[in-house]
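Structure record follows, encoded as structure tokens.
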Amino acid sequence: MSHIFYTWTAQRHAHPLTVDAAEGARFRTREHGWLWDLESQTYNVNAGHGNKHIQERMIAQIRELPVAGPNMRLDVREQLTAALAERTGLCRAFLASGGAEAVENAIKIARLYTGRSKIVTRRRSYHGATLATLGIGGDPRRAPFAADLPPAIHIDDPYPVPAGEPSAWVRSLHEVVEREGPETIAAIVLEGFTGTNGMQHPPPDFWPAVRAVCDRHGILLVDDEIFSGFGRTGRWFAREHWGVKPDLMVLGKGLTSGYAPLSAVMVSAAVAAHFDDHKLWCGVTHYAHPVGCAAALGALEVYAEERLPERADQVGAVLAQRFQDMSQRPCLHGAVRDARGLGLMRCLELDRPAAPIAARLLERGAYVPYRDNLLFICPPLCLTAEEAHIVADLLADAVAENINAARA
Numbered sequence: 397m398s399h400i401f402y403t404w405t406a407q408r409h410a411h412p413l414t415v416d417a418a419e420g421a422r423f424r425t426r427e428h429g430w431l432w433d434l435e436s437q438t439y440n441v442n443a444g445h446g447n448k449h450i451q452e453r454m455i456a457q458i459r460e461l462p463v464a465g466p467n468m469r470l471d472v473r474e475q476l477t478a479a480l481a482e483r484t485g486l487c488r489a490f491l492a493s494g495g496a497e498a499v500e501n502a503i504k505i506a507r508l509y510t511g512r513s514k515i516v517t518r519r520r521s522y523h524g525a526t527l528a529t530l531g532i533g534g535d536p537r538r539a540p541f542a543a544d545l546p547p548a549i550h551i552d553d554p555y556p557v558p559a560g561e562p563s564a565w566v567r568s569l570h571e572v573v574e575r576e577g578p579e580t581i582a583a584i585v586l587e588g589f590t591g592t593n594g595m596q597h598p599p600p601d602f603w604p605a606v607r608a609v610c611d612r613h614g615i616l617l618v619d620d621e622i623f624s625g626f627g628r629t630g631r632w633f634a635r636e637h638w639g640v641k642p643d644l645m646v647l648g649k650g651l652t653s654g655y656a657p658l659s660a661v662m663v664s665a666a667v668a669a670h671f672d673d674h675k676l677w678c679g680v681t682h683y684a685h686p687v688g689c690a691a692a693l694g695a696l697e698v699y700a701e702e703r704l705p706e707r708a709d710q711v712g713a714v715l716a717q718r719f720q721d722m723s724q725r726p727c728l729h730g731a732v733r734d735a736r737g738l739g740l741m742r743c744l745e746l747d748r749p750a751a752p753i754a755a756r757l758l759e760r761g762a763y764v765p766y767r768d769n770l771l772f773i774c775p776p777l778c779l780t781a782e783e784a785h786i787v788a789d790l791l792a793d794a795v796a797e798n799i800n801a802a803r804a
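Last residue of the sequence shown: 804 (the working numbering), numbering continuous.
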């Protein structure tokens, strides 16, 4: 009998892999040997497995000072928050442990700053697994708790986007703000690029329209870059694709490349100044954990020195071309309906359930996350172009084998 819960599953249906090593873009299991990690464990190991620089940063901090109270001033905390301010263009950081915790504190900060209560998100969105963050998002994982949650306020985001200008997303944005009353809305919270709810490309008028609405009505724009940040989409942050600057940013996952739990809420100078004279009603036990801060500093250094955002853009283009070729191959009989994404945050939409194909890939050396009819391709950013071709070959072969098996 196992004494640990496995997440998002009935325990009798859990089939965990036993991991005993990891290096670069692969990890090793006792059951299947070495596997290409196309989930980056939980979409967070951006620098790759076994990165010595991040490890050494953490070890040095453990030896020097592994624990400190939330309101103690430490060099490692000052260095990290200065680096984040420079990288994001925002002013001050609140450092928590995980992504959902950071989103909750971003909501608290927005409500404290504006004196308003309502939070608006996209219908196809996920902002964390706590009750508050499940409550604001549109992910189906909120369903077991829906009766106990306040009604969510969602912008409709049909995909593919219907023709027309302004786009359906922008029309829904204006309708929601008018219906709810802009004077009651504290923040609009958006993922920089949507993750496992489908990786849909927003219409080009959407982000600029959200920024304009927020500016017009004194609403804060919160950019949730937990999944899409730190090079994942081929830019340091996905919002750079849309040319929009938020009032708050939420960071996690790749912040430390997954090497330690740490998340952050970055705020603008205006929001930061508000709390010079107003109490910040936020705090957590493991606030700005020193070892997490050291891991984050190491990760930021690796991303910059190895130019991993640029590599994600280049290698992502290789995968994009291979996936486009797959969608047009006659032998695949239209099994790939759509191939979309940015950088190394990619999705294959199939005409059939993805689970059997993911199972075939596992047997052939690749660990691929899936949901319904979607396969997600999100390897560590250290993946090379040559390795991307290997991954693409495995995916194409698995889809073809599934088609042949269904026809046999």
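Every residue, glycine too, gets a C-beta built ideally from N, C-alpha and C. For clarity, every value in this text was computed on a predicted model and none was experimentally measured.
What is the rounded straight-line gap between the Cα of residue i and the Cα of residue j?
i	j	result
Thr529	Thr590	15 Å
Ile455	Pro462	9 Å
Met645	Ala666	14 Å
Asn440	Lys649	4 Å
Gly560	Val609	20 Å
Arg518	Glu797	37 Å
Gly485	Ala713	27 Å
Ile503	Gly531	12 Å
Asp768	Arg408	20 Å
Pro556	Gly588	18 Å
Gln710	Ala784	11 Å
Arg520	Val606	16 Å
Ser436	Asn442	7 Å
Tyr509	Pro765	38 Å
Leu491	Tyr683	6 Å
Arg567	Leu757	41 Å
His570	Trp638	19 Å
Arg760	Ile753	11 Å
Ala716	Ala781	12 Å
Met595	Phe719	15 Å
Between residue i and residue j, which are expected to be in contact by the criterion C-beta below 8 Å, what is the C-beta distance as a whole number of angstroms?
i	j	result
Arg805	Gly739	The structure shown does not extend to residue 805, since the chain is modelled only from 397 through 804, so no value can be given for it.
Asn643	Leu617	At residue 643 the sequence reads Asp, which differs from the Asn that was named. Between Leu617 and Asp643 the Cβ distance is about 5 Å, and since that is below 8 Å, they are a contact.
His445	Gly420	6 Å
Val698	Ile458	Not really, about 19 Å apart at Cβ, beyond 8 Å.
Cys774	Met741	6 Å
Ala762	Leu790	5 Å
Ala464	Pro686	6 Å
Ala690	Val472	5 Å
Cys743	Phe772	6 Å
Trp632	Pro705	5 Å
Arg512	Ile581	6 Å
Val795	Trp432	Val795 to Trp432, Cβ: 16 Å. No contact.
Met662	Leu480	6 Å
Ala750	Leu770	6 Å
Arg488	Ala668	4 Å
Pick helix, strand or coil for residue i, following the three-state DSSP scheme.
i	result
Cys743	strand
Gly420	strand
Ile515	strand
Tyr766	strand
Gly761	coil
Met595	coil
Asp734	strand
Ala583	strand
His662	Correcting the residue type first, residue 662 is Met in the shown sequence and not His. Of the three classes helix, strand and coil, the one that applies to Met662 here is strand, per DSSP.
Leu413	coil
Ile400	coil
Asp672	helix
Phe772	strand
Gly688	helix
Gly429	strand
His550	strand
Gly712	helix
Trp677	coil
Would you say residue i reaches chain E, if we count a Cβ-Cβ gap shorter than 8 Å as a contact?
i	result
Val711	The structure shown contains no chain E, having only a single protein chain.
Leaving aside the five residues before and after residue i along the sequence, list all residues of the same chain whose C-beta is less than 6 Å from its C-beta, in chain order.
i	result
Ala417	Arg424
Pro578	His613
Leu545	Gly531
Pro413	It should be pointed out that residue 413 corresponds to Leu in this sequence rather than to Pro. Here the set comprises Thr425, Glu427.
Pro554	Ala564
Val499	His523, Gly524, Thr529, Val646
Going along the chain, which residues of its own chain have a beta-carbon closer than 7 Å to the beta-carbon of residue i, five neighbours each way excluded?
i	result
Arg733	Glu745, Leu746, Asp747
Val572	Val516, Ile549, Ile551
Phe541	Leu527, Leu530
Gly688	Thr652, Ala656, Pro657, Leu658
Pro598	Trp565
Gly630	Pro705, Ala708, Asp709, Gly712, Leu738, Gly739
Gln475	Leu693
Which residues in the same chain have their Cβ closer than 8 Å to the Cβ of residue i, if we skip the five residues on either side of it in sequence?
i	result
Leu377	Since the first residue shown for the chain is 397 and the last is 804, residue 377 is missing from the structure and cannot be characterised.
Ala525	Ala496, Arg537
What I want to know is whether the C-beta of residue i ends up closer than 7 Å to one or more non-hydrogen atoms of the ligand GTP.
i	result
Trp565	With respect to small molecules bound, the structure shown includes none, and the ligand GTP cannot be examined in it.
Those runs of the alpha helix (DSSP H) which lie wholly inside the region 599 to 658 and span at least 4 residues: 602 to 613
Residue ranges of each beta strand (DSSP E) within the region 440 to 519, 3 or longer: 488 to 492, 514 to 518
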